[in-house]
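Undergrad:
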Amino acid sequence: MTLLLLEALGALIILVLIVWWTMFSGRPNGELPPDETADKVDREKK
Numbered sequence: 121m122t123l124l125l126l127e128a129l130g131a132l133i134i135l136v137l138i139v140w141w142t143m144f145s146g147r148p149n150g151e152l153p154p155d156e157t158a159d160k161v162d163r164e165k166k
């Protein structure tokens, strides 16, 4: 039983590391700035 719990914990840790890696290892300055063309389209609709 302990082995199953350790294996599940290990899988959870690996999953968290993969999610962390994919979230924060992309662009060096974080997310891209918002697209200005989307703002223009929103203003034209009003």
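For the sequence shown, the positions run 121 to 166 when our numbering is used.
For each residue, glycine too, the CB sits at the ideal point set by N, CA and C.
Leaving out the 5 sequence neighbours to the left and right, which residues in its chain are closer than 6 Å to PRO154 when beta-carbon positions are compared?
TA: Around PRO154: no qualifying Cβ.
Undergrad: In chain order, what residues of the same chain lie with their CB nearer than 6 Å to the CB of THR142, ignoring the 5 residues before and after it?
TA: Answer for THR142: no residue qualifies.
Undergrad: Over the uninterrupted alpha helix (DSSP H) stretch that includes MET121, give me the two end residues.
TA: Careful: MET121 lies outside any alpha helix (DSSP H) and carries neither H nor E.
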